[in-house]
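Worksheet for the structure shown next.
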Amino acid sequence: MDAESTDLIGFGLHSHLRALERLWLLYRAPHRFREWLERQSAVRQSAQAVMLILHVLPHMTWATCAIAYGQWPVSIRESPPDPYDFNFACGIAVGIVAGILIGFAFGIVAGIDVRIAVRIADGIALGIALGIAYGIAYGIAFGFDAGTAFGIAAGIALGIAFGIASGIASGILGGIAGGIAFEIAGGIAVGIALGIAVGNALGVTFGIAFGISLGIAFGIAVTRFYYLAPHLAFFWPKPHASWYRWHPVAWDQLCSIPFPRFDLLLTNYFELNPVEAEAEIERLISTYPSQRSSALRARCRVVARKSGKVAGLGEFVNLVSHLPRRDQRFRAQVPELEVAEVVLAITDLQDTLVKFPANMPAYRLRQAELVCEAIISFRDRIAEFAEPLASEFRTAAEHWLKLASGQLDDARHAGEREPFSQVFRAGDPVQGEKAEAFIPRQHIIQELAGLILATNGCPGILLYARRRMGKSTCLQNLMGFIPMNIVIVFLNLQDPAKCTSLSLFCEQLTEAIRKKLMIDDFRMPSVFSGRNDLVECSRFLDDANLRIGQSNRKLLIALDEFESLDTKLGQRDEAGRPLIPEDLLALFRTSIQSHRNLIWLFSGSHGIAELKHAKWPSYLISVRTVELDRFTLEETSQLLTDPLAHSQLFKGTPNRPTFPPEFWGTDGLRRLHEAADGWPHLVVLLAETCVNLVNLQNAASVTDELFLDVRRKAIVSGDNVMIQLLKNESEIPGEWDFLLGFRDHDVLPAPENIGIRKSLLRRSLVTLEDNQVRLRVPLMHQWIRERSELLD
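Going by my numbering, the sequence shown wraps up at 773, each residue one higher than the last.
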């Protein structure tokens, strides 16, 4: 026997019970009854209809006999009925039952051939209306006669059959609530019209009874109005959430009237059984239009109660997203506001406080104050909303305010500690008169001072270092570390205003010397504009050397980024002449050899041998090279712990900003130094990022986890420096490609190209051991692995 056969109705006690079960299903959930029928073949559908008739006939027979027994006694004509009489009440009840059963039979017979499920549903609607009308008509008929009662029942049957039966079938089964309302209205109109017509024919009294009976019967039958009495029992003397499964809405899907305070019953059901209650609320919202408003109100209550129990303000963001949106019932009293939007505004403020705190504790304090102010405003304005939003969310807002107040207290305590001063600035030369971290390179200063103060005059100095090693900072802060009788003139030759042409260079050089020496009667050249520029400049240097010697001083002329001159040597003007002639180098050589009171210092990131457009070594043959290398661990430690010790702004002031070693974390000084391999710019870059993140996260020190974030942020903010040091200075073909091999390897075999090998070593990027090459700077290695692909 197949599974479909076991679901069919036949003969016997079990089949009879199954038939009654199917009729009960048809009453409370017609769509499920329809699904059961549609699973059968057409022949079986007809057979099942006949079987349902056979099983309902006995009940219809005894109900009809009961009505007949109670309706025809002579005493009915003699006196009006007593509404408290037991027989009167039983007569109405039996009439209702019989009418329903007759309706079942009518619908089944009418629907045997086509659309059985829909026709049977029509029959149920008709049966309910007919049965109730028949019972009410029976009661009214006590005041008239049996013919009137029969006429009432017949008229009601006609009206209901025409109007409400088809409306229930098409509207409920089709899921169109508007169709139901339209058909119901039509049924009432036709029923009343028929009542009036029959009343005119049989008598005014009969017509009045017919109209009253039709209206009452129709309203009760279609709306399930008779459920209101048991519904009230669910609230007396208090809501009985544990009874919910027995409520008509839980098992009858055709309750078309909203039940008062039903949302409160659903909310209490949630308190008792949250999982099942939330599923039931969702079912009502999705599939039960007549109860949707109550379910939406219940959902608001549930969200408010859940949000009123959260442990932190950030937890109710997801809860608020479940609130109903743009429902007019919840916006009628406050047209410009909507609960979800108002609460989400609070969560945005909270998000800003938690996820994106400000650098300064004062700002974080203000943000916490804004959260409290928003909650207080919400609590005060919620009274303007419709219920249940007002009462439920006001209670929740009190809970939120307690959490926000605790958060505000924490922010106030955090604000008692001042943020760490940001004195580290990576990128620009440090200016000693400002509050910027600076560490004098004592061994370099001593070596430079020894050459400058040489008894027989300085032979000229080449201060060599790779980019971002701190050459410019060292030059600009020499003044505080050499004798006062040494006057320094500093020219940065990367400035186009100083090195675009020979005339411009000579003009800038002589003007800077005159201003520095403050001697107004210098014999200044007339105008640097032609072939005599070098001659005029040489005469000016002769005069300067004489004048400064007479005042027992010396003049240090520091030309920073001097390799820019070599670039101009290789460029031509419109006439094909170099922008800077090689004769300028002859001027340098002559001055170095003859002007003992003038000291020439060339500073750059290229060695003499790297310059291409002139024979620099022959012109600067007597120049001494001083190489500026990385920070030592001691220098890094001094810079990080007492960065303003040599600042002119804090000179002689003990209350300068300092950083204890504990600030940098356990062995943090060494960790930071090794990550940058002492490369000065990278040391300062890491230190700057550390201070920023510590202040941002309101931390007390640089933890291991925080330092990982520091490294990730440093390679992003230092992107341009890494590109310059690693890629742009890779001038030999294949040099950059070799560096890219470190994306996937920690160690690589030494490149076969000797030029590449020498270049990498000269640029201080790698170490070479046992013919194996390793990147010296871990931070550079991290950048190649994580950021170099952006350049592909």
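Yeah, the Cβ is synthetic: ideal placement off N, Cα and C, and Gly gets one too.
Distance, residue j Cα to residue i Cα
i, j, result
"D476", "I538", "16 angstroms"
"R495", "L444", "25 angstroms"
"Y208", "D329", "46 angstroms"
"Q403", "S740", "36 angstroms"
"V604", "W581", "9 angstroms"
"F215", "Q678", "55 angstroms"
"V516", "I426", "34 angstroms"
"E544", "R577", "24 angstroms"
"L456", "L550", "25 angstroms"
"E643", "F688", "14 angstroms"
"T571", "H662", "36 angstroms"
"Q574", "A556", "33 angstroms"
"S22", "W227", "35 angstroms"
"T333", "V675", "18 angstroms"
"Y269", "Y8", "16 angstroms"
"V754", "N458", "36 angstroms"
"W660", "D751", "24 angstroms"
"R286", "R205", "32 angstroms"
"I34", "I363", "58 angstroms"
Residue range of the unbroken beta strand (DSSP E) whose run includes residue i
i, result
"T606", "R605 to E608"
"G431", "From DSSP, G431 is part of no beta strand (DSSP E) but of the alpha helix (DSSP H) over Q423 to I433."
"Q753", "Q753 to L756"
"N473", "I467 to N473"
"P730", "V728 to P730"
Simplified DSSP assignment, three categories, for residue i
i, result
"N679", "coil"
"Q348", "helix"
"K593", "coil"
"A150", "For A150, the predicted model reports a pLDDT of 35, less than 50, meaning its position is unreliable and no value from the coordinates is stated."
"K708", "helix"
"V404", "coil"
"E750", "strand"
"K383", "helix"
"D541", "strand"
"I109", "Residue confidence is low: I109 scores 47 on pLDDT, short of 50, so the model does not pin down where it sits. No coordinate-derived value is stated."
"K452", "helix"
"Y600", "helix"
Buried versus exposed call for residue i [16 or more other C-beta atoms within 10 Å across all chains shown]
i, result
"P598", "exposed"
"T248", "buried"
"N473", "buried"
"E252", "exposed"
"E686", "exposed"
"P255", "exposed"
"S628", "buried"
"G441", "buried"
"K535", "buried"
"Q774", "Look at the range of the chain in this structure, -18 to 773, and you will see that residue 774 is not part of it."
"D514", "buried"
"F719", "buried"
Residues of its chain near residue i, where Cβ-Cβ distance is below 6 angstroms and the 5 sequence neighbours each way are ignored
i, result
"D623", "T639"
"T670", "V691, K694 and A695"
"A430", "I463"
"H36", "H(-3) and A0"
"A525", "I494"
Own chain residues within Cβ distance below 7 angstroms of residue i, not counting five before or after
i, result
"L667", "L653, A656, A657, V691 and A695"
"R724", "I765, R766 and S769"
"M460", "I469"
"L760", "A656, A657, L663, R692, A695 and I696"
"A(-16)", "Bear in mind that a pLDDT of 42 at A(-16), under 50, signals an unreliable position, so the number given afterwards is only what the model happens to contain. Closer than 7 angstroms at the Cβ level, and outside the excluded window around A(-16), lies no residue."
"L749", "A731 and L742"
"H762", "F723 and L756"
is_contact[residue i, chain B] using C-beta, thresh 7 angstroms
i, result
"P598", "The structure shown contains no chain B, having only a single protein chain."
Element boundaries [alpha helix (DSSP H), containing residue i]
i, result
"Y250", "F243 to L253"
"L621", "L614 to T622"
"D700", "D700 to M703"
"W581", "No alpha helix (DSSP H) holds W581; the beta strand (DSSP E) holding it covers L579 to G585."
"I494", "L483 to L498"
"I735", "I735 to R743"
"K479", "P477 to C480"
"L522", "D514 to Q531"
Contacting residues, own chain, Cβ-Cβ under 8 angstroms from residue i (five flanking each side not counted)
i, result
"A478", "L485 and Q489"
"S711", "W717, L720 and S740"
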